[in-house]
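S.K.: Those protein sequence lines, which keep their order, are chains A and B.
Each residue of the first sequence is one higher than the last, beginning at 1 in UniProt numbering.
Each residue of the second sequence is one higher than the last, beginning at 1 in UniProt numbering.
Number of protein chains: 2
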Amino acid sequence: MPINKTVSLSSGFLKLFLFSLLLLFKQIILANKKEHTSSLHEKPGVSQPEFISSSAVKQVQKFRKKQPSAQELIEGILSGKTSALSRAITLVESTNVNHLAKANEVITACLPHANKSIRIGITGVPGVGKSTFIESFGNHLTSLGKKVAVLAVDPSSTISHGSILGDKTRMEELVKDPNAFIRPSASGETLGGVARKTREAITLCEAAGFDTILIETVGVGQSETAVHGMVDFFLLLKISGAGDELQGIKRGIMEMADAIVINKADGDNIKKANLAKAEFNRALHLFPTKKSGWKPTTTTCSALTHEGIPEIWKTIEQYVEFAKTNHYFIENRKEQNQYWLLETINEQLKTNFYNHPEIQKLLDATKKAVRNGEFSPFAAAQLLLNIYHDYKK
Amino acid sequence: MPINKTVSLSSGFLKLFLFSLLLLFKQIILANKKEHTSSLHEKPGVSQPEFISSSAVKQVQKFRKKQPSAQELIEGILSGKTSALSRAITLVESTNVNHLAKANEVITACLPHANKSIRIGITGVPGVGKSTFIESFGNHLTSLGKKVAVLAVDPSSTISHGSILGDKTRMEELVKDPNAFIRPSASGETLGGVARKTREAITLCEAAGFDTILIETVGVGQSETAVHGMVDFFLLLKISGAGDELQGIKRGIMEMADAIVINKADGDNIKKANLAKAEFNRALHLFPTKKSGWKPTTTTCSALTHEGIPEIWKTIEQYVEFAKTNHYFIENRKEQNQYWLLETINEQLKTNFYNHPEIQKLLDATKKAVRNGEFSPFAAAQLLLNIYHDYKK
Numbered sequence: 001m002p003i004n005k006t007v008s009l010s011s012g013f014l015k016l017f018l019f020s021l022l023l024l025f026k027q028i029i030l031a032n033k034k035e036h037t038s039s040l041h042e043k044p045g046v047s048q049p050e051f052i053s054s055s056a057v058k059q060v061q062k063f064r065k066k067q068p069s070a071q072e073l074i075e076g077i078l079s080g081k082t083s084a085l086s087r088a089i090t091l092v093e094s095t096n097v098n099h100l101a102k103a104n105e106v107i108t109a110c111l112p113h114a115n116k117s118i119r120i121g122i123t124g125v126p127g128v129g130k131s132t133f134i135e136s137f138g139n140h141l142t143s144l145g146k147k148v149a150v151l152a153v154d155p156s157s158t159i160s161h162g163s164i165l166g167d168k169t170r171m172e173e174l175v176k177d178p179n180a181f182i183r184p185s186a187s188g189e190t191l192g193g194v195a196r197k198t199r200e201a202i203t204l205c206e207a208a209g210f211d212t213i214l215i216e217t218v219g220v221g222q223s224e225t226a227v228h229g230m231v232d233f234f235l236l237l238k239i240s241g242a243g244d245e246l247q248g249i250k251r252g253i254m255e256m257a258d259a260i261v262i263n264k265a266d267g268d269n270i271k272k273a274n275l276a277k278a279e280f281n282r283a284l285h286l287f288p289t290k291k292s293g294w295k296p297t298t299t300t301c302s303a304l305t306h307e308g309i310p311e312i313w314k315t316i317e318q319y320v321e322f323a324k325t326n327h328y329f330i331e332n333r334k335e336q337n338q339y340w341l342l343e344t345i346n347e348q349l350k351t352n353f354y355n356h357p358e359i360q361k362l363l364d365a366t367k368k369a370v371r372n373g374e375f376s377p378f379a380a381a382q383l384l385l386n387i388y389h390d391y392k393k
Numbered sequence: 001m002p003i004n005k006t007v008s009l010s011s012g013f014l015k016l017f018l019f020s021l022l023l024l025f026k027q028i029i030l031a032n033k034k035e036h037t038s039s040l041h042e043k044p045g046v047s048q049p050e051f052i053s054s055s056a057v058k059q060v061q062k063f064r065k066k067q068p069s070a071q072e073l074i075e076g077i078l079s080g081k082t083s084a085l086s087r088a089i090t091l092v093e094s095t096n097v098n099h100l101a102k103a104n105e106v107i108t109a110c111l112p113h114a115n116k117s118i119r120i121g122i123t124g125v126p127g128v129g130k131s132t133f134i135e136s137f138g139n140h141l142t143s144l145g146k147k148v149a150v151l152a153v154d155p156s157s158t159i160s161h162g163s164i165l166g167d168k169t170r171m172e173e174l175v176k177d178p179n180a181f182i183r184p185s186a187s188g189e190t191l192g193g194v195a196r197k198t199r200e201a202i203t204l205c206e207a208a209g210f211d212t213i214l215i216e217t218v219g220v221g222q223s224e225t226a227v228h229g230m231v232d233f234f235l236l237l238k239i240s241g242a243g244d245e246l247q248g249i250k251r252g253i254m255e256m257a258d259a260i261v262i263n264k265a266d267g268d269n270i271k272k273a274n275l276a277k278a279e280f281n282r283a284l285h286l287f288p289t290k291k292s293g294w295k296p297t298t299t300t301c302s303a304l305t306h307e308g309i310p311e312i313w314k315t316i317e318q319y320v321e322f323a324k325t326n327h328y329f330i331e332n333r334k335e336q337n338q339y340w341l342l343e344t345i346n347e348q349l350k351t352n353f354y355n356h357p358e359i360q361k362l363l364d365a366t367k368k369a370v371r372n373g374e375f376s377p378f379a380a381a382q383l384l385l386n387i388y389h390d391y392k393k
């Protein structure tokens, strides 16, 4: 037995020795390979030529700075850097699917730092003076020490390339104000897409320390409903007139308003504006009570003379106190979060169905038959749904 | 070779003979079996006892009459038999999936004979006097030679077992009128289901020759939107008061109305009713122009004294002429058909998603995280949709 032990021991040492030798060789081979890689497969001994100029290197480095990591963006936003904020919003707005994960990472990290602001929706038909109002109102807010972010929801900007907020010349002062951040409407094919991007931009702005978010929209489409679903306070901008200007406003907008502000109440217009104010006041009390319990107010203002602008902010402050006291403020935000969850799901389900090639083939003919009363809408719906589900299996 | 041929021939004849014999035996056996079957396995020669009484046979035949074929229902409806109409509506309302094909057959056959009526939606909060109004208005219509069908959309009737139109005692005269057909609200778990059934009942009533369809609904839920989507004219019933009664009315209802009728304008109430009329008139002109181009009217009436009832019908006649002249009438009906096609699809897509077992497992927790701002609504929606699609594959 002792002999056997010695044999097995010495055979063990031999194995260890051979293994060590193997490792040594491997390291030598690897070291050689590394050298090859670093010299771009050129023959060893030949030094790398200096064909990359130093200016080109600088340019590449500059470009790389334009694509910061998610972590860099997050740190930048949380330390209040508007450059990081801008880049993060661009990332969120990107239609490149590869950016989605990074965008979600930034959003998720910002969420705990968001939610500490007042979000105000501002709507009104074109010509009512929205940009001038926001300039005047925004300047008043920054003069009070507020940090103001101005965003927009305007799906039509896909065609007009940013019809609202695009022309920043109307906001001369606010654009230069270091405590203001102005961002034109995201572009996108659908309102749902634009709304998503704007809502995530709110999160980013809040995480960057902006405490007052103004969201502008035009009062002609479905976009006000979307904006109403992402703000705490909804302001309807109007001008005095023969009532004709009301016709441009979509149904139901007046019922959404927490305040109606009659703009351009200056010069000869003051009397007319006061009449309009009285008329809207009478009309408003015919509406059902709002869920918040808040009674909408009607005021006049002039974005030109700044008359009435401070009063609007006071009204909003009163609203916030009122809604925080009766817990509507926080409850409404929770409801809005849930609304966007379900809304996104429902929209996506519809998109998947209506974009399915089999449905696209049949939909127009089915619609036509149903429109003309040749086919029951319910029987036709069932037929299309059955086809869709059979193809999904 | 000739011998071989003879052998093979004679062997062929033998085979044929044996096969014929087999067939003969089989036929004899089968014939015997048949005799056994027809005598219910009793021994041959014993006659069938008369244990089925003739009265029982008559009862069975009567029962069979209760389940008429689709063709019988269609013929009955088209010849204006209310018994066939009632049965067809019961069939449409059935939740038994076996009835679906038959119901669809009846509906499809009735479609070319429908569409020739005026469909009027009537809404108002409980206490406004809807039943009394319909009794009075319906009697006026039949006195003009109209054939009136009264239907209802009230999803709450599932719980209350027909809260509206259930109590026909308020429509004493109309119930007895051979030119009136009254049918309480279909019951169903969802508004979508109730709406579908009512809309198909309209088709059946029209095919049965009813030229004026009144659809009642309560102005407190989503049901008015559904009714608004299936009628030509939408009438909002109100009573005069301090404005408090308005609060029971859902947002947006006033904007849907083609006419506001202030009911109970009798006795001491007349003055107050006229004041309310003036107030609503003022409010109505603040609303945006309707798609039809029609300017909503405000009138007073008393269902008790019949005062103002004929004027309401005249207003509706004016509307129909107006809307037929500008082609809105037919265009709106086509739009409504399409609306119900898409609405049914969208509702079903949602039902399929939210009832999926995997989604049901995750939805509550996801909602909670999103509500509390721990998770972006958009990222969460994407996650749930991915899970749903993976399970569908």
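A virtual CB, placed ideally from N, CA and C, is assigned to each residue, including glycine.
Values in this document were obtained by computation on a predicted structure and should not be read as measured data.
Can you tell me the Cα-Cα spacing of A:D177 and A:D266, whole angstroms?
M.R.: Working through the first sequence from its first residue, we reach residue 177 of chain A at position 177. Working through the first sequence from its first residue, we reach residue 266 of chain A at position 266. Taking the straight line from one Cα to the other gives about 26 Å.
S.K.: Could you check if residue 458 of chain B is buried or exposed, using at least 16 other CB atoms within 10 Å of its CB as the buried criterion?
M.R.: Since the first residue shown for chain B is 1 and the last is 393, residue 458 of chain B is missing from the structure and cannot be characterised.
S.K.: Closer than 9 Å by beta-carbon distance: list the chain B residues that pair up with A:P377, in chain order.
M.R.: As a first step, residue 377 of chain A is located in the first sequence; it is residue number 377 there, counting from the start. Ordered by position in chain B, the residues that pass the 9 Å Cβ test against A:P377 are R196, R199, Q336, N337, Q338, Y339, W340, L341, L342, E343 and T344.
S.K.: With DSSP as the reference, label B:I122 as helix, strand or coil.
M.R.: Residue numbering aside, residue 122 of chain B sits at position 122 when the second sequence is read from its first letter. If DSSP states are grouped into helix, strand and coil, B:I122 belongs with the strands.
S.K.: Would you tell me roughly how many angstroms separate the C-alpha atoms of B:W294 and B:H285, rounded to the nearest one?
M.R.: As a working mapping, residue 294 of chain B is identified with position 294 in the second sequence. As a working mapping, residue 285 of chain B is identified with position 285 in the second sequence. Roughly 12 Å separates the two Cα atoms.
S.K.: Compile a chain-ordered list of the residues in the stretch 220 to 241 of chain A whose CB is closer than 7 Å to at least one CB of chain B.
M.R.: Correct list: empty, as no residue qualifies.
S.K.: Of all the alpha helix (DSSP H) runs that stay within the bounds of the stretch 169 to 201 of chain A, which reach a length of 4 or more residues?
M.R.: If we require 4 residues or more, the alpha helix (DSSP H) runs fully inside the stretch 169 to 201 of chain A come out as 172 to 176.
S.K.: Please check if any C-beta of chain A sits within less than 9 Å of the C-beta of B:R87.
M.R.: Counting from 1 along the second sequence, the entry for residue 87 of chain B is found at position 87. It does not: the Cβ of B:R87 has no partner Cβ on chain A nearer than 9 Å.
S.K.: Any beta carbon of chain B sitting closer than 9 Å to that of A:E374?
M.R.: Taking the first residue of the first sequence as position 1, residue 374 of chain A is located at position 374. So, interface residue.
S.K.: Say yes only if the C-beta of B:S55 is nearer than 8 Å to one or more non-hydrogen atoms of the ligand GDP, and no if none qualify.
M.R.: Within the structure as shown, the ligand GDP is missing, as the structure has no ligands at all.
S.K.: Check the Cβ-Cβ distances between B:V381 and every residue of chain A, and say whether any is below 9 Å.
M.R.: The residue labelled residue 381 of chain B in the question sits at position 381 within the second sequence. One detail in the question is off: residue 381 of chain B reads as Ala in this sequence, not Val. Yes, B:A381 lies at the interface with chain A (some Cβ there is under 9 Å from its Cβ).
S.K.: Report yes if the CB atom of residue 396 of chain B is closer than 9 Å to the CB atom of A:L341, and no otherwise.
M.R.: There is no way to answer for residue 396 of chain B, as the model of chain B reaches only from 1 to 393.
S.K.: Under 9 Å, Cβ to Cβ, is there at least one residue of chain B near A:F280?
M.R.: Numbered from its first residue, the first sequence carries residue 280 of chain A at position 280. Chain B, which has a Cβ nearer than 9 Å to the Cβ of A:F280, makes this yes.
S.K.: List the whole-angstrom C-beta distance separating B:A259 from B:T299, where the pair is believed to meet the contact cut-off of C-beta under 8 Å.
M.R.: On the second sequence, position 259 is the one that residue 259 of chain B refers to. On the second sequence, position 299 is the one that residue 299 of chain B refers to. Confirmed, Cβ separation roughly 7 Å.
S.K.: In chain B, which residues lie with their C-beta within 8 Å of the C-beta of A:F210?
M.R.: As a working mapping, residue 210 of chain A is identified with position 210 in the first sequence. In chain order: nothing, as chain B lies at least about 17 Å away.
S.K.: Around the Cβ of A:H228, are there at least 16 other Cβ atoms within 10 angstroms (buried) or fewer (exposed)?
M.R.: Indexing the first sequence from 1 puts residue 228 of chain A at position 228. With 16 or more other Cβ atoms within 10 Å, it is buried.
S.K.: What would DSSP say about residue 396 of chain A, mapped onto helix, strand or coil?
M.R.: Outside the displayed span of chain A (1 to 393) sits residue 396 of chain A, for which this structure offers no information.
S.K.: Using beta carbons (cut-off 9 Å, strictly below), is A:V370 in contact with chain B?
M.R.: Your numbering for residue 370 of chain A matches position 370 in the first sequence. It does; some Cβ of chain B falls within 9 Å.
S.K.: I need the DSSP call for A:V106, collapsed to helix, strand or coil.
M.R.: As a position in the first sequence, residue 106 of chain A is number 106, starting the count at 1. Helix at A:V106.
S.K.: Within 9 Å (strictly less), CB to CB, does A:I262 reach chain B?
M.R.: The residue given as residue 262 of chain A occupies position 262 in the first sequence. Answer no: the Cβ-Cβ gap between A:I262 and chain B never drops below 9 Å.
S.K.: Output, in sequence order along the chain, the residues in the stretch 276 to 301 of chain B whose CB is closer than 8 Å to any CB in chain A.
M.R.: If the cut-off is 8 Å between Cβ atoms, the stretch 276 to 301 of chain B has E279, F280, R282, A283, H285, L286, F287, P288 and T289 near chain A.
S.K.: Please go through the same chain and pick out, in chain order, the residues whose beta-carbon is closer than 6 Å to the beta-carbon of B:A103, but skip the five residues on each side of it.
M.R.: To locate residue 103 of chain B, count along the second sequence from 1; it is residue 103. For B:A103, where only same-chain residues beyond five positions count, the Cβ hits under 6 Å are L91 and V92.
S.K.: Is it buried or exposed for A:A84, if we count other Cβ within 10 angstroms and need 16 for buried?
M.R.: As a working note, residue 84 of chain A is residue 84 in the first sequence. Per the 10 Å Cβ criterion, buried.
S.K.: Check whether the Cβ atoms of A:S117 and A:A152 lie closer than 9 Å to each other.
M.R.: Here residue 117 of chain A refers to the residue found at position 117 of the first sequence. Here residue 152 of chain A refers to the residue found at position 152 of the first sequence. Not in contact: A:S117 and A:A152 (Cβ atoms no closer than 9 Å).
S.K.: Would you say A:L385 reaches chain B, if we count a Cβ-Cβ gap shorter than 9 Å as a contact?
M.R.: Within the first sequence, residue 385 of chain A is the residue found at index 385, counting from 1. By this cut-off, A:L385 is an interface position.
S.K.: Quick one: measure Cβ to Cβ for A:E207 and A:A276, integer angstroms, because I've assumed they're closer than 8 Å.
M.R.: Counted from its first residue, the first sequence places residue 207 of chain A at position 207. Counted from its first residue, the first sequence places residue 276 of chain A at position 276. The amino acid at residue 207 of chain A is misidentified as Glu; the sequence shows Ala. Contact doesn't hold; Cβ gap of about 40 Å is too wide.
S.K.: Is the shortest distance between the beta-carbon of A:G80 and the beta-carbons of chain B less than 9 Å?
M.R.: Here the question's residue 80 of chain A lines up with position 80 in the first sequence. For A:G80, the answer is no, since every Cβ of chain B falls outside 9 Å of its Cβ.
S.K.: Per DSSP, A:I239 is paired with what?
M.R.: As a first step, residue 239 of chain A is located in the first sequence; it is residue number 239 there, counting from the start. A:I239 is bridged to A:N263.
S.K.: Can you list the residues of chain B that A:F353 reaches, using a CB-CB cut of under 9 Å?
M.R.: Along the first sequence, one-based indexing puts residue 353 of chain A at 353. By Cβ distance, chain B contributes I345, N346 and L349.
S.K.: For residue 399 of chain A, is the classification buried or exposed, using 16 other Cβ atoms within 10 angstroms of its Cβ as the cut-off for buried?
M.R.: A question about residue 399 of chain A goes unanswered here, because the residues of chain A that appear run from 1 up to 393.
S.K.: Would A:K272 count as contacting chain B if we go by Cβ distances under 9 Å?
M.R.: As a position in the first sequence, residue 272 of chain A is number 272, starting the count at 1. It does not; no Cβ of chain B falls within 9 Å.
S.K.: Using a Cβ-Cβ distance under 9 Å, would A:P112 count as near chain B?
M.R.: By 1-based counting over the first sequence, the position of residue 112 of chain A is 112. With 9 Å as the cut-off, A:P112 counts as an interface residue toward chain B.
S.K.: Who are the Cβ neighbours of A:N326 in its own chain at under 7 Å, not counting the five residues just before and after it?
M.R.: As a first step, residue 326 of chain A is located in the first sequence; it is residue number 326 there, counting from the start. Counting only Cβ-Cβ distances below 7 Å, and skipping sequence neighbours, we find G293.
S.K.: Suppose contacts are defined by Cβ-Cβ distances below 9 Å. Is B:I345 in contact with A:F353 by that definition?
M.R.: If you number the second sequence from 1, residue 345 of chain B lands on position 345. If you number the first sequence from 1, residue 353 of chain A lands on position 353. Taking 9 Å as the Cβ cut-off, B:I345 and A:F353 qualify as a contacting pair.
S.K.: Give me the chain A residues within the contact set of B:K367, using Cβ-Cβ distance strictly less than 7 Å, ordered along the chain.
M.R.: What you label residue 367 of chain B is simply residue 367 of the second sequence in a count that begins at 1. Under the 7 Å cutoff, chain A gives Q338 and L341.
S.K.: Using a Cβ-Cβ cut-off of 7 Å (strictly less than) and excluding sequence neighbours within five positions of B:F234, which residues of its own chain qualify?
M.R.: Counting from 1 along the second sequence, the entry for residue 234 of chain B is found at position 234. Contacts found: G121, H228, M256, A257 and D258.
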